[in-house]
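**Q**
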Amino acid sequence: MKMAFDPDELVTLTDHGTMKLRSAVRRAMVLLPKDRVRATIVREGRRRPLKFEQIKGLAEKWEKQPARSERE
Numbered sequence: 148m149k150m151a152f153d154p155d156e157l158v159t160l161t162d163h164g165t166m167k168l169r170s171a172v173r174r175a176m177v178l179l180p181k182d183r184v185r186a187t188i189v190r191e192g193r194r195r196p197l198k199f200e201q202i203k204g205l206a207e208k209w210e211k212q213p214a215r216s217e218r219e
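Take the sequence shown: its letter number 72 is residue 219 in my numbering, and every next letter is one higher.
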């Protein structure tokens, strides 16, 4: 079963603070390679944080889809 991700969900990007999931993914993707290894997104109420490989997968998926504000 695939996990659903809301781009507007508030999350915490480790060492960068609280922001919307879409912003956290974008910020993680522009980190230096040595910092990407440590990139972790913590979702409230979820046991496991998103590690960089999952973050990268979301970035690739969302890159193919326009943001909500761009669609409306």
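Cβ atoms here follow ideal geometry from the backbone N, Cα and C, with glycine treated the same way.
1) Just tell me which of Val184, Gly192, Arg194 and Arg195 has its CA closest to the CA of lysine 203.
2) Taking the alpha-carbon of tryptophan 209 as reference, which of Thr159, Val172 and Lys167 has the nearest alpha-carbon?
3) Mark valine 158 as exposed unless 16 or more other C-beta atoms lie within 10 angstroms of its C-beta, in which case mark it buried.
4) At what residues does the beta strand (DSSP E) containing arginine 183 begin and finish?
5) Would you grab the beta carbon distance between proline 196 and valine 189 for me? Rounded to a whole angstrom, and I think it's under 8 Å.
6) Going by DSSP in three states, arginine 169 sits in which element: helix, strand or coil?
7) Count the other CB atoms, across all protein chains shown, that sit within 10 Å of the CB of arginine 169; report buried if there are 16 or more and exposed otherwise.
**A** Inspection of the coordinates gives the following:
1) Val184
2) Val172
3) buried
4) Arginine 183 -> not in any beta strand (DSSP E); alpha helix (DSSP H) instead, spanning 180-183.
5) 5 Å
6) helix
7) buried
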